[in-house]
Amino acid sequence: MDIQQILFIVLSAIAIGCALGVVFSRNPINSVLFLILTFFAISGHYILLNAQFLAVVNIIVYAGAIMVLFLFVIMLMNLNSDTEPQKNWLVQLAGAISGGILFLVLLSALVSATKTLPVMEQGSNDLGLIKNLGKTLFRDYVLPFEISSVLFLSAMIGAIVIGKKEDKFEDVH
Amino acid sequence: MLLLQIDWSFLLEKSVLILVIVLVSFGVAAYATWGERKVAAIMQDRLGPNRAGFMGLLQPLADGGKLFFKEEIIPEGSTRTIFILGPFLFMVTALMTSAVIPWGPDIHTAAGNVISLQVADINIGILFVFGVVSVGVYGIMLGGWASNNKFSLLSSIRSASQSISYELAMGLSLIALLMMSGSLSMREIAQQQHGFWDGHWLTWNVFKQPLGFFIFMVCAFAELNRAPFDLPECESELNMGYHQEYSSMKLGLYLFAEYINMFISSAVMVTLFWGSYNFPGMDWVAAHTNAIVFALICVIVLMAKITAFILFFMFIRWTLPRFRYDQLMNLGWKGLIPLALFNMVITGAAILWLFNK
Amino acid sequence: MNFLLLAAEQNTPFNYLPIALQLLIAVGFVGIMMGATHLLGPKRRTKDKLINFESGIPSVGNARQPMSVKYFLVAILFVLFDVEVIFFYPYAVNFRELGQEGFLAVLMFVGFFLCGFIYILKKGALKWED
């Protein structure tokens with residue numbers, strides 16, 4: 000075993016352990032914290048693959064921005080009703096089945112993807128460096144890049160429409 | 000077997016460097032508290048701390064020692080684990096940014112070894128700083144929320160909202176600088192500002208990007224919760240702010256971490272804009288002294304610039320009144336973000352069409 | 000391959016090893032500090048001492064209360080704009096090589112950015128004083 004394999008195993012163990020922690024925590028704040036740890040472990044994986052830009056963007060955007068949003072949402076909720084209502088066993092069964100099916104779909108997609116895609120060798124390629132990534136993005140993928148900005152625009156409009164509706168609702172009362 | 004080939008001397012060298020940086024950060028933070036009180040005293044025509052040692056120089060040690068031996072109080076209504084996690088995270092994130100700052104030039108020893116005065120030279124150094132800054136919000140948010148105190152909660156939400164708003168303008172303000180440097184590595188940016196005059200123009204980035212520096216500095220003030228943006232700690236509305244329920248060293252960690260953040264962000268500003276460890280006539284000095292003395296002089300120059308910035312932070316605190324919350328948000332979103340975008344577009348156009356003939 | 004060579008060479012995952020080291024040292028340092036004060040300080044808990052401090056007035060309810068939706072809106076907008084800002088970084092590094100074409104592409108992106116920005120300003124999403 001070389002050092003990369005050991006790091007890979009350690010990071011994977013952290014990622015899976017924390018992901019399980021997200022699911023099994025009773026307190027939503029703990030779930031969020033576990034999710035942040037999971038993102039850090041995944042960033043570690045990116046670094047092992049030499050995708051440095053992706054690793055740091057994963058931390059800035061997911062761990063630093065989206066999880067702040069999640070924390071805000073949880074703080075917005077009323078956490079005094081700590082004990083979640085016991086759900087019907089039928090609902091739980093349905094949830095388990097649909098979750099299991101989703102898992103199978105993802106698994107099969109992953110298996111077929113590993114057959115067709117070339118396996119990335121760890122730490123040997125420079126594609127993930129910011130310089131090369133930028134060149135590829137702004138030479139070969141300019142159109143998707145511009146379209147993504149339209150996507151952001153629509154997301155903004157969606158956020159404003161939902162967020163502002165709340166205000167009007169408050170005004171009526 | 001790569002595992003067996005880990006270079007232990009490399010790890011040892013880095014560990015020593017990291018320990019020195021951590022201890023220096025604590026030392027600077029401790030004496031920044033003393034400096035803050037002295038500066039406040041001078042500006043208000045008082046004496047300030049003068050009992051512990053000469054000119055009160057032992058005051059920070061006395062304060063630190065006191066905090067160590069105080070009773071820890073964890074309020075009953077608080078969420079215990081997260082209450083402890085808050086100051087812990089805040090301090091750890093404060094100590095992480097220093098990893099990518101070049102504290103001096105490489106030392107080429109006579110034996111042919113190269114000793115680097117930077118913990119990690121990664122080619123996305125600036126983004127690493129942003130990553131750590133964006134994670135730094137959690138310390139305040141979690142601490143304030145876990146206290147189960149309304150003042151703390153309000154303060155932490157305000158603080159989080161403020162720092163995410165200013166992160167945007169901060170990120171945008173650096174783009175123009177990066178267009179000129181073409182690199183995200185802090186070490187490379189430091190080396191590009193070599194000396195002071197390159198024959199055409201001053202080499203330090205602040206003379207090439209004054210607007211970018213101004214925006215970055217204002218954002219740094221806001222990220223640090225320093226006056227005039229110290230809304231999370233405004234005494235008249237929120238008592239003490241997000242660390243109201245904290246006592247003993249947990250409070251100490253919050254207070255120290257704020258000063259460490261001030262130290263590190265001064266270092267980042269100096270590295271990016273004010274020529275890092277470079278000074279006028281450094282080539283002459285390098286030719287006339289040996290490598291270690293030269294590196295030492297460079298470190299001292301860097302520290303002097305950082306000290307100047309810390310003093311500037313303190314002067315501002317006792318000069319400008321606090322912003323109102325809506326003024327703060329308006330300045331960040333409606334003022335600085337469009338200004339930074341404008342700066343970026345103008346810089347790009349100027350380089351492409353004016354200077355690149 | 001020698002480890003030192005790998006570490007000296009730029010752009011490999013091994014550049015990040017010192018950062019992991021620094022994280023370990025920082026965590027250890029802070030952990031020891033917090034543990035030490037926990038052991039050193041006196042422990043005399045009384046009921047009054049453990050109540051939340053709210054300026055001496057008996058507190059009503061607790062702080063686990065919903066807050067204004069505006070903070071939430073700011074956070075959503077932050078996520079969106081943050082991703083857009085991140086897009087500028089790979090461009091800035093390649094600015095000179097990409098030349099005029101790249102600059103025009105980015106100008107268009109900035110145009111969309113400004114459209115969204117002006118939209119949220121016009122809708123008053125960032126208005127605090129109402």
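First to last, the sequence lines map onto chains V, Y and S. Numbering-wise (numbering that gives the first Met the number 0), the first sequence opens with residue 0 and increments by one. Numbering-wise (numbering that gives the first Met the number 0), the second sequence opens with residue 0 and increments by one. Numbering-wise (numbering that gives the first Met the number 0), the third sequence opens with residue 0 and increments by one. Positions of the beta carbon are idealized from the N, C-alpha and C atoms, including for glycine. For clarity, every value in this text was computed on a predicted model and none was experimentally measured.
Reducing DSSP to helix, strand and coil, say where Leu103 of chain V ends up. Per DSSP, reduced to three states, the secondary structure at Leu103 of chain V is helical.
For Leu88 of chain Y, the nearest candidate out of Y:Ala290, Y:Ile73, Y:Thr288, Y:Gly142 (CA to CA): Y:Gly142
Name, please, each residue of chain V whose Cβ falls closer than 9 Å to the Cβ of Pro65 of chain S. Met74, Leu75, Met76, Asn77
Using the rule of at least 16 other Cβ atoms within 10 Å of the residue's Cβ for burial, across every protein chain shown, is Asn289 of chain Y buried or exposed? The residue in question, Asn289 of chain Y, is exposed, as its Cβ has fewer than 16 Cβ neighbours within 10 Å.
Going by DSSP in three states, Val56 of chain V sits in which element: helix, strand or coil? helix
From Y:Ser8, Y:Glu12, Y:Lys13, Y:Ile20, residue whose alpha carbon lies closest to that of Val367 of chain Y: Residue coverage of chain Y in this structure runs from 0 to 356, which leaves residue 367 of chain Y outside it and unanswerable.
Alpha carbon to alpha carbon, what distance is there between Ser97 of chain Y and Met302 of chain Y? Distance between Met302 of chain Y and Ser97 of chain Y, taken at the CA atoms: about 13 Å.
Going by C-alpha distance, which of Y:Lys207, Y:Gln161, Y:Phe255, Y:Ser184 is nearest Val217 of chain Y? Y:Gln161
What span of residues does the alpha helix (DSSP H) with Met95 of chain Y cover, start to end? 79-95
Please name the residue in Y:Ile305, Y:Gly103, Y:Gly34 whose C-alpha comes closest to that of Glu187 of chain Y. Y:Gly103
In whole angstroms, what is the alpha-carbon distance linking Trp7 of chain Y and Ile46 of chain V? 22 Å
Below 7 Å on C-beta distance, what does Ile56 of chain S contact in chain V? The premise fails here: Ile56 of chain S is roughly 21 Å from chain V at the closest Cβ pair, so nothing lies under 7 Å.
Does the stretch 220-235 of chain Y come close enough to the stretch 310-325 of chain Y to have 3 or more Cβ pairs within less than 8 Å? yes
To which residues does DSSP link Val113 of chain Y through a beta bridge? Y:His107
Nonlocal neighbours in the same chain, by C-beta distance under 7 Å from Ala145 of chain Y, ignoring five residues either side: Ser77, Thr78, Ile81, Phe82, Gly85
Could you have a look at Trp203 of chain Y and say whether DSSP puts it in helix, strand or coil? coil
In the DSSP assignment, the alpha helix (DSSP H) including Cys233 of chain Y goes from what residue to what residue? Element bounds for Cys233 of chain Y: n/a, residue is neither H nor E.
Option in Y:Leu22, Y:Glu70, Y:Ile139 with minimal Cα separation from Leu254 of chain Y: Y:Ile139
Is Trp332 of chain Y helix, strand or coil when you go by DSSP? helix
Rank S:Met66, S:Phe94, S:Gly115 by C-alpha distance to the C-alpha of Val344 of chain Y and give the top, closest one. The shortest Cα separation from Val344 of chain Y among S:Met66, S:Phe94, S:Gly115 belongs to S:Phe94.
Return yes when the Cβ of Ala19 of chain S is within less than 8 Å of the Cβ of Met95 of chain Y, no when it is not. no
Give the DSSP-derived three-state secondary structure of Trp33 of chain Y in the structure shown. helix
Close-in-space but distant-in-sequence residues of the same chain around Leu335 of chain Y (CB under 6 Å, 5 per side omitted): Ala168, Ile214
Leu237 of chain V to Asp229 of chain Y span [Cα, whole Å]: This structure cannot speak to residue 237 of chain V, because chain V is shown only from 0 to 172.
Return the residues of the stretch 129-140 of chain Y that lie within a Cβ-Cβ distance of less than 7 Å from chain V, sorted by chain order. Correct list: Phe129, Gly130, Ser133, Val134, Val136, Met140.
Does Val253 of chain V come within less than 8 Å of chain Y when only Cβ atoms are used? With chain V running from 0 to 172 in the structure shown, residue 253 of chain V is simply not present.
Per the contact definition of three or more C-beta pairs closer than 8 Å, is the stretch 46-55 of chain V in contact with the stretch 55-72 of chain S? no
Return no unless some Cβ of chain V is closer than 8 Å to the Cβ of Leu10 of chain Y. no
Is the number of C-beta pairs between the stretch 188-196 of chain Y and the stretch 241-255 of chain Y that are closer than 8 Å three or more? no
Buried versus exposed, by CB contacts within 10 Å (16 or more), Ser153 of chain V: exposed
Give me the Cα-Cα distance between Leu153 of chain Y and Leu92 of chain V, rounded to the nearest whole angstrom. In this model, Leu153 of chain Y and Leu92 of chain V are separated by some 41 Å (Cα to Cα).
Going by the C-beta, is Arg225 of chain Y closer than 7 Å to any heavy atom of the ligand GDP? This structure simply doesn't include the ligand GDP, nor any ligand for that matter.
At the 8 Å Cβ level, is Lys13 of chain Y part of the contact set with chain S, yes or no? Yes, because at least one Cβ of chain S sits closer than 8 Å to the Cβ of Lys13 of chain Y.
With a threshold of 8 Å between beta carbons, is Met32 of chain S in contact with chain Y? yes
Quick check on DSSP: helix, strand or coil for Met317 of chain Y? For the record, residue 317 of chain Y in the displayed sequence is Trp; it is not Met. Coil.
Among the residues of its own chain, which have a CB less than 6 Å from the CB of Met42 of chain Y, if the five just before and after it don't count? Trp317
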